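Q: Before I ask anything, here is the structure I am working with.
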């Protein structure tokens, strides 16, 4: 039988992107600035989130959506212990969060009173880069022990992000991490990317990150009230 | 690892366009995927055979048009392909590079029987 060609030209993850943009609209309408934190396992996502909540306590109401591949609540328990609302998503082994999971999570957390929603993505440098979830800003946390070659190997995760935290800088004296080489790779992928070198342990560099984040939230509120 | 989710999206898009075109059967799927998109062809094909069963796309063949990742060297104006991993300019060794292509990730067309 004769076949016929039908032109499609549709982005493969278009359906996900559409739900992502709905998520962003919901959060914007509620006046909640949101960030998506991506990193490899062990880079310090939860530590950065907890330290950020601690630094902003009394100044901002923060909620957290925690993504994990297994049904554990270790991370969300820590957030709730600090008096902030949190919801845990169990991806059932899936390696990333997607927009539909965030849509569901937003139904289980009272986000309308919040100033800032932090989403902790699944620890992975590959898959989360492909799936938009609808947050206003994308953040990657890299850490010194992971090595300085990560931008050269995991190119996608550094593209399309708004800020980079280089964590565990207190370990720099003990490891052969070439900061110049690392940042050179990032510069190719994302020229001029806002970058903060931090340590959750010593709190070095943390004030600059908190200042940046506070400015983002303030500017966002001005924009949506304008 | 995210090939299942990606393959499900491909099926959704193909089914939607097959329905719009009043197709009895989809015989071929043509994808365009840049070298910087982390997708393993074999895994997509593996999942495709599983999830397309019982749909209008059953037994259809997926074709991958893999586009190379090309970089432009800001230091010497040289354009070159990279293997997916970042490497310095082979002409002058500079890391002052810009990504030109390789991030494509779309379903270009389907071949159907009416």
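Chains as they are written, first to last, in my numbering: chain A, 46 to 271; chain B, 9 to 122. We put the beta carbon where it would ideally sit given N, CA and C, even for glycine. Note that the structure is a prediction, hence the values are computed from the model and not measured.
#1: Assign residue 68 (chain B) to buried or exposed, taking buried as 16 or more other Cβ atoms, counted over all protein chains shown, within 10 Å of its Cβ.
#2: Out of A:260, A:50, A:75, A:215, state which residue places its alpha-carbon closest to the alpha-carbon of residue 155 (chain A).
#3: Is residue 50 (chain A) close to chain B? Criterion is C-beta to C-beta, closer than 8 Å.
#4: Opposite residue 29 (chain A) in the DSSP bridges: which residues?
#5: I need the boundaries of the beta strand (DSSP E) containing residue 105 (chain A), first residue and last residue.
#6: With the cut-off set at 8 Å, would you say residue 66 (chain A) and residue 181 (chain A) are in Cβ contact?
#7: Indicate whether at least one CB of chain B lies closer than 8 Å to the CB of residue 88 (chain A).
#8: Among the candidates A:169, A:127, A:112, A:188, whose CA atom is the shortest distance from the CA of residue 151 (chain A)?
#9: Rounded to the nearest angstrom, what separates residue 85 (chain A) and residue 121 (chain B) at their Cα positions?
#10: Would residue 104 (chain B) and residue 78 (chain B) be called neighbours here (beta carbons separated by less than 8 Å)?
#11: Name the DSSP bridge partner or partners of residue 74 (chain B)?
#12: Please confirm whether residue 37 (chain B) and residue 118 (chain B) have their CB atoms less than 8 Å apart.
#13: Classify residue 24 (chain B) as buried or exposed, calling it buried when 16 or more other Cβ atoms lie within 10 Å of its own Cβ.
#14: Could one say the Cβ of residue 35 (chain B) lies closer than 8 Å to chain A's Cβ atoms, at least one of them?
#15: With a 10 Å radius around its C-beta and 16 neighbouring C-beta atoms as the bar for buried, classify residue 219 (chain A) as buried or exposed.
#16: Under 8 Å, do residue 214 (chain A) and residue 187 (chain A) count as touching if we go by C-beta distance?
#17: Would you call the CB atoms of residue 203 (chain A) and residue 185 (chain A) closer than 8 Å?
#18: Any idea what DSSP makes of residue 105 (chain B), helix, strand or coil?
#19: Which full runs of the alpha helix (DSSP H) of 4+ residues lie inside the stretch 157–240 of chain A, going along the chain?
#20: Have a look at residue 2 (chain B) and residue 205 (chain A) and give me their C-alpha separation to the nearest angstrom.
#21: Nearest CA to the CA of residue 165 (chain A): which residue from A:120, A:101, A:127, A:189?
#22: Per DSSP, which residues does residue 60 (chain B) bridge with? Please list them.
#23: Please classify residue 95 (chain A): does DSSP put it in a helix, a strand, or coil?
#24: Report back the beta-carbon spacing between residue 212 (chain A) and residue 93 (chain A) to the nearest angstrom; my notes put them in contact at under 8 Å.
#25: Hey, is residue 117 (chain B)'s beta-carbon within less than 8 Å of any beta-carbon in chain A?
#26: At a CB-CB cut-off below 8 Å, which residues of chain B make contact with residue 230 (chain A)?
A: Well, looking at it:
#1: The residue you call residue 68 (chain B) lines up with position 60 of the second chain. Flag for residue 68 (chain B) reads buried.
#2: If you number the first chain from 1, residue 155 (chain A) lands on position 110. The option with the nearest alpha carbon to residue 155 (chain A) is A:75.
#3: For the purposes of this step, residue 50 (chain A) is taken as residue 5 along the first chain, with counting starting at 1. True, the Cβ-Cβ gap to chain B drops below 8 Å.
#4: Residue 29 (chain A) lies beyond the range of chain A shown here (46 to 271); nothing can be said about it.
#5: Position 60 of the first chain holds residue 105 (chain A). Neither: residue 105 (chain A) is in no beta strand (DSSP E) and is coded neither H nor E.
#6: What you label residue 66 (chain A) is simply residue 21 of the first chain in a count that begins at 1. What you label residue 181 (chain A) is simply residue 136 of the first chain in a count that begins at 1. By the CB criterion at 8 Å, residue 66 (chain A) and residue 181 (chain A) fall outside the cutoff.
#7: On the first chain, residue 88 (chain A) is found 43 positions in, with the first residue counted as 1. Residue 88 (chain A) does not count as touching chain B.
#8: As a working note, residue 151 (chain A) is residue 106 in the first chain. The option with the nearest alpha carbon to residue 151 (chain A) is A:112.
#9: Taking the first residue of the first chain as 1, we reach residue 85 (chain A) at position 40. Taking the first residue of the second chain as 1, we reach residue 121 (chain B) at position 113. So the two alpha carbons sit approximately 45 Å from each other.
#10: Sequence index remark: in the second chain, residue 104 (chain B) carries index 96 (1-based). Sequence index remark: in the second chain, residue 78 (chain B) carries index 70 (1-based). Not in contact: residue 104 (chain B) and residue 78 (chain B) (Cβ atoms no closer than 8 Å).
#11: Residue mapping note: residue 74 (chain B) aligns to position 66 of the second chain, counting from 1. Residue 74 (chain B) pairs with B:41.
#12: Walking along the second chain from the start, residue 37 (chain B) turns up at place 29. Walking along the second chain from the start, residue 118 (chain B) turns up at place 110. Yes; because the gap between Cβ atoms is below 8 Å, this pair is in contact.
#13: Residue numbering aside, residue 24 (chain B) sits at position 16 when the second chain is read from its first letter. That one is exposed.
#14: As a position in the second chain, residue 35 (chain B) is number 27, starting the count at 1. It does: the Cβ of residue 35 (chain B) has a partner Cβ on chain A nearer than 8 Å.
#15: The residue labelled residue 219 (chain A) in the question sits at position 174 within the first chain. Its Cβ having fewer than 16 others within 10 Å, residue 219 (chain A) is exposed.
#16: Start at 1 with the first residue of the first chain, and residue 214 (chain A) comes out as number 169. Start at 1 with the first residue of the first chain, and residue 187 (chain A) comes out as number 142. It is not a contact, given that the beta carbons lie outside the stated cut-off.
#17: On the first chain, residue 203 (chain A) is found 158 positions in, with the first residue counted as 1. On the first chain, residue 185 (chain A) is found 140 positions in, with the first residue counted as 1. It is a contact, given that the beta carbons lie within the stated cut-off.
#18: The residue you call residue 105 (chain B) lines up with position 97 of the second chain. Three-state DSSP puts residue 105 (chain B) in a strand.
#19: 195–198, 224–234
#20: Here chain B covers residues 9 to 122 and nothing more, so residue 2 (chain B) does not appear.
#21: Here residue 165 (chain A) refers to the residue found at position 120 of the first chain. Per the Cα distances, A:120.
#22: Residue numbering aside, residue 60 (chain B) sits at position 52 when the second chain is read from its first letter. Its beta-bridge partners do not exist; DSSP assigns none.
#23: Here residue 95 (chain A) is taken as the residue at index 50 of the first chain, counted from 1. If DSSP states are grouped into helix, strand and coil, residue 95 (chain A) belongs with the helices.
#24: Position 167 of the first chain, counted from the first residue, corresponds to residue 212 (chain A). Position 48 of the first chain, counted from the first residue, corresponds to residue 93 (chain A). 6 Å between Cβ atoms; contact.
#25: Counted from its first residue, the second chain places residue 117 (chain B) at position 109. Output row for residue 117 (chain B): interface = yes.
#26: Taking the first residue of the first chain as 1, we reach residue 230 (chain A) at position 185. Those are 94, 103, listed as they occur along chain B.
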